[in-house]
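Enquirer:
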Amino acid sequence: MAATGFTPILSGDAKATRNKQKTRAARVVSLYERPPPYDAALEELEAFSLDRLKVLRGIERLRLSNASEAELRQKTKELLRKYLSGDELRKDKISHFMLRLAYCQTKDNRDWLVDKECELFRVRFEELVHKEQKDFLQDIELQVGLVDQEEFERVKGSLAAAHGGKITGTHREFFKVPFEAVPSLVATRRVFVNRGWAYVGAHQMAPLVVGRFKEHLAKALQITAKAWPHVAATDESNRLAPIVSFLSKQYQGSSDYTEVQTSGNSVVTLDEIPNLAKRHFPMCMKHLHASLMSNNHLKHQGRMQFGLFLKGIGLPLEQALQFWKTAFAPKVPGDKFEKQYAYNVRHNYGKEGKRADYTPYSCMKVISTTPGSGEHHGCPYKTFSESSLRAQLQQLQITGSDQRQVLELSKNHHYQLACGKVLQLTHNGFQAEEGINHPNQYYKLAKDANCNC
């Protein structure tokens, strides 16, 4: 075969074979192009989906903890054996499509699901041997070519140069793809490129295939987001819709804290807030509370982030109105507060406008916002300078090696891990096994730790 030639990986015979039977590769990895053709009890739908969430959250924790690739692969296999074993193909497909329904409605949820599903897909694909990878590429009809023995011998020297000076494999361990399909490999000079083709080792194929998977899933979620509300309100209002609604609130393993607790000790009163802020608020909410108390004002995004947090910890509407009115009083007279700010407080509690029950911000949403001049919302582990963050940690009596560890986590963009470390250091070693994914989750865990600090 000439160096410029291209032998498609999928012949007519291969297509016929693929239509008759599924390869092992197609059973292990999938683009999930078609809904699962299985019957399932409603209880199974929920149980399968929760098990898949445990796998995805486990992968997320491994990534946040800076686990090595070898450790990530090994731990992911353990998670799969623990939670998605048994009738593996059936459980895998059902749980994937159920999470599509549950996580399609907001951009934050869609992005999180796509990111974690891509990680799971990549690990599964990289576990395939070369022949299985080739079978999967046939299954999805990806534009990839094979390298025969003659061509391999001709370019072996160049391949060796691109792969650290030594090639121990055979021509069967390489594919040819259009160079623009693997920009990350080309940019880092980890592949040999000749006349528009990149010669990619089987172990390097993941970025190309994962890109195809990511594109397909992101598009599918957009379509589902448009179609599901109508289906949920009609055909599935009494069957799937309640399950999907429940699953959608299991964002990264924690409640969305929409419901305000209004009974017994769950109610938070106005007088309790200063002490709770000192002892149990995460740093983002401590900062907003302190800024409000010192400035007697917060701009809109700060009021939204802090106000919904207070709602989530159990501050009733009437107490919330009094809290904000008192805090603003030095700068905002009572009549002005009623005209300009009271409506927004009632709106957050679902008592004005479209009467939606607004959800307290998750960590992902907090992290994704960037405060401007005179604003105090967002995540301090992301937005604070190192000196400002160090000062905040010192106020919490976090010093020495503990302080350096939090600063290092923040510097490396592990904001939620830094927050979890602070919880541990300030609450007698109490650890959040699921990680910190929500400011209201931090508050609940801090109170559960029963710390007198």
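What the sequence shown shows, in full-length UniProt numbering, is residues 1 to 453, in sequence order.
Note that the Cβ used here is the ideal one computed from N, Cα and C, for glycine as well.
If you're wondering where the values come from, they're calculated on a predicted model, not measured in any experiment.
Between Val186, Phe121, Gln416, which lies nearest to Arg61 when the distance is taken from Cα to Cα?
Expert: Position 61 of the sequence shown, counting from 1, holds the residue named residue 61. Minimum Cα distance to Arg61 is reached at Gln416.
Enquirer: Which partner residues does Asn194 have in the DSSP bridge list?
Expert: Mapped onto the sequence shown, residue 194 falls at position 194. The partner list for Asn194 (beta bridge, DSSP) reads Trp197.
Enquirer: Exposed or buried, what is Met283 when buried is set at 16 or more other beta-carbons lying within 10 Å of its beta-carbon?
Expert: Here the question's residue 283 lines up with position 283 in the sequence shown. Looking at its Cβ environment, which holds 16 or more other Cβ atoms inside 10 Å, Met283 is buried.
Enquirer: If we require 4 or more residues per run, which alpha helix (DSSP H) segments fall completely within the stretch 282 to 318?
Expert: 283 to 295, 300 to 313, all fully within the stretch 282 to 318.
Enquirer: Taking 8 Å as the threshold, find out whether the stretch 75 to 95 comes into contact with the stretch 46 to 53 through three or more Cβ pairs.
Expert: Enough Cβ pairs lie closer than 8 Å, so yes.
Enquirer: According to DSSP, simplified to helix, strand and coil, what is His377?
Expert: As a first step, residue 377 is located in the sequence shown; it is residue number 377 there, counting from the start. The answer is coil: DSSP assigns His377 none of H, G, I, E or B.
Enquirer: Quick one: Cα of Ser388 to Cα of Tyr381, how far?
Expert: As a position in the sequence shown, residue 388 is number 388, starting the count at 1. As a position in the sequence shown, residue 381 is number 381, starting the count at 1. Rounded to the nearest angstrom, the two C-alpha atoms are 10 Å apart.
Enquirer: When the distance is taken between beta carbons, is His376 closer than 9 Å to Leu298?
Expert: Translated into the one-based positions of the sequence shown, residue 298 becomes position 298. Translated into the one-based positions of the sequence shown, residue 376 becomes position 376. Contact flag set, yes.
Enquirer: What residues in its chain sit with their C-beta under 6 Å from that of residue 515, if we drop five residues either side in the sequence?
Expert: With the chain covering only 1 through 453, there is no way to say anything about residue 515.
Enquirer: Mapping the DSSP letters down to three states, classify Ser263 as helix, strand or coil.
Expert: Reading the sequence shown from its first residue, position 263 is the one you call residue 263. With a pLDDT of 36 at Ser263, under the threshold of 50, the predicted position of this residue should be treated as unreliable, though the coordinate-derived value follows. Coil, per DSSP.
Enquirer: State the start and end residues of the unbroken alpha helix (DSSP H) segment that holds Thr426.
Expert: By one-based count along the sequence shown, residue 426 stands at place 426. Unbroken alpha helix (DSSP H) run through Thr426: 415 to 426.
Enquirer: Taking contact to mean 3 or more Cβ pairs, one atom from each stretch, closer than 8 Å, check whether the stretch 270 to 289 and the stretch 300 to 309 are in contact.
Expert: Yes, they touch.
Enquirer: Once the 5 residues before and after Tyr343 are set aside, which same chain residues still bring their CB inside 6 Å of it?
Expert: Numbered from its first residue, the sequence shown carries residue 343 at position 343. Contacts found: Glu352.
Enquirer: Just to confirm my understanding: we take Glu153, look at its own chain, exclude 5 residues before and 5 after, and list those with CB closer than 7 Å. What are they?
Expert: Here residue 153 refers to the residue found at position 153 when the sequence shown is read from its first residue. Around Glu153: no qualifying Cβ.
Enquirer: What residues in its chain sit with their C-beta under 7 Å from that of residue 462, if we drop five residues either side in the sequence?
Expert: The chain is shown only over 1 to 453; residue 462 falls outside these bounds and no answer can be derived.
Enquirer: By the three-class DSSP mapping on this structure, what secondary structure does His216 have?
Expert: Start at 1 with the first residue of the sequence shown, and residue 216 comes out as number 216. His216 falls in the helix class under three-state DSSP.
Enquirer: Run through DSSP, which three-state label would Ile140 get?
Expert: For this step, residue 140 is matched to residue 140 along the sequence shown. Looking at Ile140 - three-state DSSP - the assignment turns out to be helix.
Enquirer: Mind checking Pro360: buried by the 16 CB within 10 Å criterion, or exposed?
Expert: Counting from 1 along the sequence shown, the entry for residue 360 is found at position 360. The residue is buried, with at least 16 neighbouring Cβ atoms inside 10 Å.
Enquirer: Sort Val193, Leu142, Ser184, Leu137 by Cα distance to Gly157 and report the nearest one.
Expert: Your numbering for residue 157 matches position 157 in the sequence shown. When each option's Cα is compared against that of Gly157, the closest is Val193.
Enquirer: Check whether the Cβ atoms of His230 and Gly201 lie closer than 9 Å to each other.
Expert: As a position in the sequence shown, residue 230 is number 230, starting the count at 1. As a position in the sequence shown, residue 201 is number 201, starting the count at 1. Going by C-beta atoms, His230 is not nearer than 9 Å to Gly201.
Enquirer: Relative to the C-alpha of Tyr199, which candidate in Lys176, Gln322, Arg63 has its C-alpha closest?
Expert: Indexing the sequence shown from 1 puts residue 199 at position 199. Nearest of Lys176, Gln322, Arg63 to Tyr199, Cα basis: Lys176.
Enquirer: Answer yes if the stretch 319 to 333 comes into contact with the stretch 385 to 404, meaning at least three C-beta pairs across the two stretches below 8 Å, and no otherwise.
Expert: At 8 Å Cβ cutoff, the stretches do not touch.
Enquirer: Excluding the 5 residues flanking Val182 on each side, which residues of the same chain have their C-beta closer than 7 Å to its C-beta?
Expert: Along the sequence shown, read from residue 1 onward, the residue named residue 182 stands at position 182. So the qualifying residues of the chain are Val191, Ala198, Val200, Pro207, Leu208.
Enquirer: Got a sec? Which residues, its chain only, sit under 7 Å from Val186 by beta carbon, not counting five neighbours each side?
Expert: By 1-based counting over the sequence shown, the position of residue 186 is 186. So the qualifying residues of the chain are Phe179, Val193, Ala198.
Enquirer: Nearest-angstrom Cα distance between Ala40 and Met98?
Expert: On the sequence shown, residue 40 is found 40 positions in, with the first residue counted as 1. On the sequence shown, residue 98 is found 98 positions in, with the first residue counted as 1. The straight-line gap from Cα to Cα measures roughly 12 Å.
Enquirer: Have a look at Ile273, Glu71, Val332, Glu272 and flag the residue whose alpha-carbon is nearest the alpha-carbon of Asn295.
Expert: By one-based count along the sequence shown, residue 295 stands at place 295. It is Val332.
Enquirer: Gln340 to Thr106, Cα distance in whole Å?
Expert: The residue labelled residue 340 in the question sits at position 340 within the sequence shown. The residue labelled residue 106 in the question sits at position 106 within the sequence shown. For Gln340 and Thr106, the distance between alpha carbons rounds to 29 Å.
Enquirer: So, are the CB atoms of Arg189 and Leu31 less than 9 Å apart?
Expert: Taking the first residue of the sequence shown as position 1, residue 189 is located at position 189. Taking the first residue of the sequence shown as position 1, residue 31 is located at position 31. Not in contact: Arg189 and Leu31 (Cβ atoms no closer than 9 Å).
Enquirer: Taking the beta carbon of Ala277 as the centre, do at least 16 other beta carbons fall within 10 Å, making it buried, or is it exposed?
Expert: By 1-based counting over the sequence shown, the position of residue 277 is 277. Answer is buried; the Cβ neighbour count reaches 16.
Enquirer: With distances taken between CB atoms, is the gap from Gln441 to Gly378 smaller than 9 Å?
Expert: Here residue 441 is taken as the residue at index 441 of the sequence shown, counted from 1. Here residue 378 is taken as the residue at index 378 of the sequence shown, counted from 1. Their beta carbons are not under 9 Å apart, which means Gln441 does not touch Gly378 by this criterion.
Enquirer: What residue from Arg81, Glu71, Pro37, Glu69 has the CA that sits closest to Val28's CA?
Expert: What you label residue 28 is simply residue 28 of the sequence shown in a count that begins at 1. Val28 has its Cα closest to that of Arg81, out of Arg81, Glu71, Pro37, Glu69.
Enquirer: So is Pro330 buried or exposed if we call it buried at 16+ other beta carbons inside 10 Å?
Expert: Here residue 330 refers to the residue found at position 330 of the sequence shown. Pro330 comes out exposed.
Enquirer: Evaluate Arg122 with the Cβ neighbour count: other Cβ atoms within 10 Å of its Cβ, from every protein chain shown; 16 or more gives buried, anything less gives exposed.
Expert: Here the question's residue 122 lines up with position 122 in the sequence shown. Buried is the call here.
Enquirer: Can you tell me whether DSSP reads Arg34 as helix, strand or coil?
Expert: Working through the sequence shown from its first residue, we reach residue 34 at position 34. It is coil, neither helix nor strand.
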